[in-house]
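Numbering of the sequence shown is given in my numbering, commencing with residue 458 and proceeding in unit increments.
Yeah, the Cβ is synthetic: ideal placement off N, Cα and C, and Gly gets one too.
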Amino acid sequence: MAALANRFSNQFIPFHVLFVFVKILALVFSSNSTAYASSATSKVGEEQTEAMALLMWKASLDNHSQSLLSSWNGSSHCNWVGIGCNKAGRVTHIDLESSSLRGTLSNLSFTSFHHLLSLKLYNNSIYDTIPSQIGSLSRLTNLSLSNNHLSGIIPSEIGNLNSLFDLSLSSNSLIGSIPPSIRNLGNLTKLHLFNNQLSGPITQEVGMLRSLFVLSLSGNNLTGSIPREVGLLRSLIELDFSENNLMGSIPSSIGNLGNLTILYLFENQLSGSIPQEVGLLRSLIELDFSKNNLMGSIPSSIGNLGNLTTLFLYENQLSGSIPQEVGLLRSLIKLDFSENNLTSPIPSSIGNLGNLTFLSLRGNQLSGSIPKEVGLLRSLSNLSLGFNNLMGSIPASIGNLGNLTALYLRENQLSGSIPKEIGLLRSLSYLNLRENNLMGSIPSSIGYLGNLTDLYLYRNQLSGSIPEEVGLLRSLNELDFSNNNLTGSIPSSIGNLGNLTLLYLSFNNLTGHIPSTIGKLKNLQDLSICRNQISGSIPPELGKLNSLIWFGLLGNKLTGSIPPEFENLTHLQLFDIYDNKITGFLPQNICLGGSLTKLVASNNNLIGRIPKSLKNCKSLTQVRLQQNQLTGNISEDFGFLPNLVYIDLSYNNFYGELSQNWGRCHNLTSLKISENKISGKILPELGGATQLQVLDLSSNNLVGEIPKNLENLNLLFDLTLSNNRLSGNIPAELGSLSNLQNLNLATNKLSGSIPSQLGECVKLLNLNLSENLLSGGIQTEIGKLQFLQTLDLGNNSLTGEIPQPIGELQILETLNLSHNSLSGSIPSSFNGMRSFTSIDISYNHLEGPLPNTKAFQDAPFEAYVGNDGLCGNKTGLMPCSPNISNGAKGNKHNKILLLVLVPVSGILLLGAIGSFLVLRKRVGNIANEPEGANNENLFAIWSYDGKMVYENIIEATEGFNARHCIGVGGCGTVYRVELPSGQIVAVKKLHSSQDGELAYLRSFTSEIHALTEIRHRNIIKLYGFCSHPQHSFLVYEFLEGGSLEKILSNDETTLDFEWTKRVNVVSGLADALSYMHHDCLPPVIHRDISSKNVLLDSEYVAHISDFGTARLLNPHSSNWTSFAGTFGYAAPELAYTMQVNEKLDVYSFGVLMLEVLMGKHPGDLITYVSASPVTAHDILLKDILDSRLPIPRTRMEKEVVLVAKLALACLHTSPQCRPTMRQVSVALSKQRPPLPNSFHLISLGQLFEVNHLAS
């Protein structure tokens, strides 16, 4: 003891350590003295009891375990393996760690071991529960049962072990909560419960364990908040609550843990801010708060943690700037603030962190330039600054980082050239500068990076040639220079990169030939040189690339044939040579290995037959061989292809008959075999391809009837069978194809009448039945096809009159009824057709006046020739007599001037266009009333001198001169007007309409009056309106930003319209529509939400405009109306019902949201994903985004995913399944959860599968 005292006298011993040491000595001496005091008889009895208990437990273990305990026999149990005894022969230690034992503890008699101090069974295969009898081991100081297969709860009797110093139950399958009885373990210094399945809150009683050095509860399912009582554990050195489901804020009491060296709270759901008190933990070495929902700024007090070596705060929602005080952490080795919302520049003080080896700030919104002080971090091995808004050039000082192995700067806005000093980074293995604005040439010094394995310069503005020195990078695995402006030829030195697995040079301006040296790259798996100006032939050496999986040369100027050596490429998954001038044959063994999924060779000059290996290539999903000179019997060349999704064989020389196998392809969505020499019939079995969306068999030699069971193809939206020799009637069953948009049966020998059931194809855009033998009349049901744009019934034998409903197809652009036997006059409904662009009614028996519309009046003579009874003011026609004229009758009554201005905002454009046309039409019938009587009510509402403002507008626009025009819409022309007061307003002059009566004026003004209290920042302000004999117009707020449509169509302005502004536009519009639908009484339906009707101010705040088709929705009425809106935005149900409800706006808003994300109208994408959500899994979200902007980063990734998710929900074909605008608005205002996987891997199909309100 004296020696021990001398040893300790020269060094400081913490009191709590000394206290524990003394207690251990006391227990040991106590144990020994008790043993010596026992009688000999008692000693023998206890020894036999302990030995018997051990043997009984051994017998309960499995046979292998028993063999491992072979020494357990005889009476000298103190000599058995793993057994330790005191001088009295009592068992004090059972130490069988890592002994490969398998069994339970249920047969171990704990009550037999009164003197047991240590029970260590760590790292075995002990299973089942922990027996409650374990609480009888009152002298136990060390209990280690970790790394077993224990299950069940922690028994409350564990609290009886009040001598325990070390309790380790980690890495089992324990469940339930932490027992409150744990508070009794006042001597406990280590508590390890990590990696179990414990649940419930962390008990407050943990604060009673004042002797604790280590507390580890990680890897469980614990919930609730961190109890503030944790702050009472002042002896604590290690605290690990990571990988649980803890919520709430980090308690400020944590600042009391002055001895803490390790603090792990990562992977929970903690929120709130990081408490300033963290700065009191001056002993802290490692701090990890990553993967939570922490908000607010990083506290500057963190600079007090001078001993800190690891600081991880990544994947939270921290905002604000990186504090300058970070530069005080001079012991720091690893710093990771990635995936937050941090802004402002990177502080220059970061250059003080001379010991730093790992620095990641990726995925924030950091701005400014990369500080040159980064070059002072000479120990740095990994620098990751990608996915930010960093600008300026890459500092040359980066060349000082001689230990750097990874440099990750992708997706910023870095400009300038790549510094030549980058060649000094001789340790670099990973270099990613993709998706920036880097210019200039690739420095030749890059050739010094001999350890480089990955080099990504994709999507910059690099120019010049690829340096020969690239061939020195012999360790390189992946090289991507695609999407730049590189010129010159591909250097032959690239053939030196023997380890290369990926080579992407696509979308540049490279010229010359493909170097044959690429054939040396034996490990190459992906080769893409698409969309360049490469000429010459494909080198036969490429046939030596036996590991090749992806081969892409599309969009070049390649000639010659595919080398026969390509027969060796049996592992190909993609083969794409589209749009070249390649001749010869396809490789016969192209699918010999059974891996080929996509074969694209269209737009070439290929000849010969389909490769034999393709016949039963079951891996194939896409085949595109159109526009070649391929030949062969199609029924023999293709077998059963179960995974086929898309095939296009059009414009070739295939012959033979259609195979039954096509009907067995249950994944097939598109089958195109037009412009070939296919004969025989269309087989009924084709109806089995139930996923089919496009079927094009046009321009062949098909005969027979159209099978009726094509009605099974209910996803079909394009059916083209034109230019064959099909006969019989048009099946009435085609009317059940509710998704059909294009039906072309022209130039066949079809007979009989047009089936009325075609009127049920409510989504039809184009209907072409021309050049057949059809007879009978034109069915009036055709008038139900409200989306129809093209109707061609020419060159048949149709009789009867043109049905009135045909003239009511509001968006019909092209109409051909020529070369029939139609009679009667052209219906009066045609006078209202403003959408017509092309009309042909020639060679019929029509009579009466030609409609007085632009399309008819501008039509050439050939469009109406051959109708002897037609009249009108056109070449070749007799003038119409006055009594049959269908022109508008003149009404010379004087009209009154009504100009009202009102300082209100919101949706007062509601009655504007439609109601004012009614106003002008009807005002003539009250000419005999005094003008003042009519104005009285209006001026009582608005109280404004309208005549003066009217004159000011006429004067300012010089009588509506075109030079003041800023836009033209379907209902009017918009002018920019500066009033004498200096105020600038927008004036929409309505198109002229027929005169009428002034009926419903009172109800119209009542509607306007009802809306005077409406206010919303995202709805344009209406100042007034005017109805006048010469001009009718609206006066409203002028927004200098222009329309959303205009901004998206301009490549320059759209660059300023970045993702944050776009999401804000979507959010503002959602708020406005939610207000109109849910906060107005009665609700207001806009009915024409489109990009042209969204105006932006100078700050990109969006405003809904043009309420010319809006309606106040009476909940007690059916609200039926005529078609209104803009084609491409209108909900599909408008094809079969004209009922107005809020879900019409919701659908249009869905289209608009996609347009904002894509930078253009989504067009066919809507039909594609709506008709077949399964195929939407092939479309990545990032691939449809506006390519003029950088891919969204960090927080904006979540925002863009949410907008896309909501857009798809709004586009649901069933109105009942669409969300309300209030739900959309609320969803856009909620906090976003982390993305389930990488943004770059999210497909549209995944967004379909997720509840749109889930986040």
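### Message
What does the alpha-carbon distance come out to for the pair Asn1348 and Ser1131?
### Response
Stepping through the sequence shown from its first residue, residue 1348 is reached at position 891. Stepping through the sequence shown from its first residue, residue 1131 is reached at position 674. In this prediction, Asn1348 scores a pLDDT of 34, lower than 50, which makes its location untrustworthy; the coordinate-derived value is nonetheless stated afterwards. Rounded to whole angstroms, Asn1348 to Ser1131 spans 57 Å at the Cα level.
### Query
Starting from Thr1714 and walking both ways along the beta strand (DSSP E), at which residues does that stretch end?
Only positions 458 to 1712 of the chain appear in this structure, which leaves residue 1714 out of reach.
### Spatial distance of Cys1328 from Pro1260 (CA atoms)
Taking the sequence shown and counting its residues from 1, the one referred to as residue 1328 is at position 871. Taking the sequence shown and counting its residues from 1, the one referred to as residue 1260 is at position 803. Answer to the nearest angstrom: the Cα atoms are 20 Å apart.
### Task
Drop a sphere of 10 angstroms on the beta-carbon of Leu1356, count the other beta-carbons inside from all chains shown, and report buried for 16 or more, exposed for fewer.
Looking up residue 1356 in the sequence shown gives position 899. Unreliable positioning characterises Leu1356 in this predicted model, as indicated by a pLDDT of 36, which lies under 50. The coordinate reading is nonetheless provided below. Buried: at least 16 other Cβ atoms inside 10 Å.
### Task
Pull up the CB-CB distance for Val831 and Pro804, whole angstroms please, since I reckon it's below 8 Å.
Translated into the one-based positions of the sequence shown, residue 831 becomes position 374. Translated into the one-based positions of the sequence shown, residue 804 becomes position 347. Their Cβ separation, rounded to whole angstroms, is 11 Å, which puts Val831 and Pro804 out of contact at 8 Å.
### Query
Looking at the structure shown, is Asn1133 part of a helix, part of a strand, or coil, going by DSSP?
Here residue 1133 refers to the residue found at position 676 of the sequence shown. Coil, per DSSP.
### Message
Threshold first: 3 residues or longer. Then list the beta strand (DSSP E) segments lying entirely within the stretch 1108-1172, N to C.
### Response
Runs of the beta strand (DSSP E) inside the stretch 1108-1172: 1110-1114, 1127-1129, 1134-1138, 1151-1153, 1158-1161.
#### Entry: Which listed residue (Gly1305, Ser1286, Gly1323, Asp1315) has its alpha carbon closest to that of Leu1274
Along the sequence shown, one-based indexing puts residue 1274 at 817. When C-alpha distances from Leu1274 are compared across Gly1305, Ser1286, Gly1323, Asp1315, the shortest belongs to Gly1323.
### Query
Less than 7 Å separating the beta-carbons of Cys1122 and Leu1101?
Your numbering for residue 1122 matches position 665 in the sequence shown. Your numbering for residue 1101 matches position 644 in the sequence shown. The beta carbons of Cys1122 and Leu1101 sit closer together than 7 Å.
### Query
What do you reckon, are the CB atoms on Leu1665 and Phe1696 nearer than 7 Å?
Taking the first residue of the sequence shown as 1, we reach residue 1665 at position 1208. Taking the first residue of the sequence shown as 1, we reach residue 1696 at position 1239. Cβ distance not < 7 Å, so Leu1665 and Phe1696 don't count as in contact.
### Message
Going by DSSP in three states, Tyr1407 sits in which element: helix, strand or coil?
### Response
Translated into positions along the sequence shown, residue 1407 becomes position 950. Tyr1407: helix per DSSP, three-state reduction.
### Task
Classify Lys1687 as helix, strand or coil using the three-state DSSP reduction.
Along the sequence shown, read from residue 1 onward, the residue named residue 1687 stands at position 1230. DSSP places Lys1687 in coil when its eight states are reduced to three.
### Query
Are there 16 or more other CB atoms within 10 angstroms of the CB of Asn1199, so buried, or fewer, so exposed?
To locate residue 1199, count along the sequence shown from 1; it is residue 742. Flag for Asn1199 reads buried.
### Query
Which residues in the same chain as Val1080 place their Cβ atom closer than 6 Å to its Cβ, once the five residues preceding and following it in sequence are excluded?
For this step, residue 1080 is matched to residue 623 along the sequence shown. Only Leu1056, Ile1104 meet the Cβ criterion.
#### Entry: Close Cβ partners of Tyr1604 (< 7 Å) along its chain, the five nearest in sequence each way excluded
The sequence position of residue 1604 within the sequence shown is 1147, counting from 1. Closer than 7 Å at the Cβ level, and outside the excluded window around Tyr1604, lie Ala1588, Cys1667, Leu1668, Arg1675.
#### Entry: Endpoints, alpha helix (DSSP H) assigned at Ser524
Counting from 1 along the sequence shown, the entry for residue 524 is found at position 67. Here the alpha helix (DSSP H) through Ser524 covers 520-525.
### Query
So is Ser398 buried or exposed if we call it buried at 16+ other beta carbons inside 10 Å?
Nothing can be reported for residue 398: it is not among the residues displayed for the chain, which extend from 458 to 1712.
### Query
What's the gap between the Cα of Ile1477 and the Cα of Leu1436?
Stepping through the sequence shown from its first residue, residue 1477 is reached at position 1020. Stepping through the sequence shown from its first residue, residue 1436 is reached at position 979. So the alpha carbons of these two residues sit roughly 19 Å apart.
### Task
Can you give me the start and stop residues for the beta strand (DSSP E) that Gln1079 sits inside?
By one-based count along the sequence shown, residue 1079 stands at place 622. Counted as a single uninterrupted DSSP element, the beta strand (DSSP E) harbouring Gln1079 occupies residues 1079-1081.
### Query
Would you call the stretch 845-859 and the stretch 1672-1688 touching, i.e. three or more CB-CB distances under 8 Å?
no
### Query
Would DSSP call Trp537 helix, strand or coil?
As a first step, residue 537 is located in the sequence shown; it is residue number 80 there, counting from the start. Coil.
### Message
Out of Gly1012, Ala1419, Leu1029, which one is the CA nearest neighbour of Tyr1035?
### Response
Indexing the sequence shown from 1 puts residue 1035 at position 578. Closest option to Tyr1035, Cα to Cα, is Gly1012.
### Message
Please list the terminal residues of the continuous alpha helix (DSSP H) segment that includes Ala1058.
### Response
Within the sequence shown, the letter at position 601 stands for residue 1058. Unbroken run through Ala1058: none, as it is neither H nor E.
### Query
Could you give the distance in angstroms between the alpha-carbon of Leu1279 and the alpha-carbon of Ser1052?
In the sequence shown, residue 1279 corresponds to position 822, counting from 1. In the sequence shown, residue 1052 corresponds to position 595, counting from 1. Straight-line Cα distance between these residues: approximately 58 Å.
### Message
Counting beta carbon pairs with one atom in the stretch 1612-1627 and one in the stretch 811-820, are three or more of them shorter than 8 Å?
### Response
Cβ pair count under 8 Å is below three, so no.
### Task
My understanding is that Leu512 touches Trp529, with C-beta atoms under 8 Å, so please give their C-beta distance in whole angstroms.
Numbered from 1 along the sequence shown, position 55 holds the residue referred to as residue 512. Numbered from 1 along the sequence shown, position 72 holds the residue referred to as residue 529. With a Cβ gap of about 6 Å, Leu512 and Trp529 count as contacting.
### Query
Is DSSP giving Glu1494 helix, strand or coil here?
Residue numbering aside, residue 1494 sits at position 1037 when the sequence shown is read from its first letter. Strand, per DSSP.
#### Entry: Of the residues Gly681, Leu813, Ser675, Thr680, the one placed nearest Asp697, counting alpha carbons only
Taking the first residue of the sequence shown as position 1, residue 697 is located at position 240. Answer by Cα proximity: Ser675.
#### Entry: Unbroken stretches of the beta strand (DSSP E), 3 residues or longer, contained in the stretch 765-837
767-769, 791-793, 815-817
### From Ser589, Tyr584, Ala863, Lys544, residue whose alpha carbon lies closest to that of Ser566
Position 109 of the sequence shown, counting from 1, holds the residue named residue 566. That would be Ser589, whose Cα lies nearest to the Cα of Ser566.
### Message
Under 8 Å: do the stretch 603-619 and the stretch 663-675 share three or more Cβ pairs, one atom per stretch?
### Response
No: fewer than three Cβ pairs fall under 8 Å.
### Query
Taking the C-alpha atoms as reference points, what is the distance between Asn652 and Glu743?
For this step, residue 652 is matched to residue 195 along the sequence shown. For this step, residue 743 is matched to residue 286 along the sequence shown. About 20 Å.
### Query
How would you call Lys1206, buried or exposed, if buried means at least 16 neighbouring beta carbons within 10 angstroms?
The residue labelled residue 1206 in the question sits at position 749 within the sequence shown. So Lys1206 ends up on the exposed side.
### Task
Determine, using beta carbons only, whether Trp514 and Asn581 come nearer to each other than 7 Å.
Within the sequence shown, residue 514 is the residue found at index 57, counting from 1. Within the sequence shown, residue 581 is the residue found at index 124, counting from 1. For Trp514 and Asn581, no; Cβs fall outside 7 Å.
### Task
Mind reading off the beta-carbon distance from Glu1319 to Ser1299? Whole number of angstroms is fine, and I expect it under 8 Å.
Translated into positions along the sequence shown, residue 1319 becomes position 862. Translated into positions along the sequence shown, residue 1299 becomes position 842. At roughly 6 Å, the Cβ-Cβ gap stays under 8 Å, so Glu1319 and Ser1299 are in contact.
### Query
Ser1731 lies in the beta strand (DSSP E); which residues open and close that run?
Outside the displayed span of the chain (458 to 1712) sits residue 1731, for which this structure offers no information.
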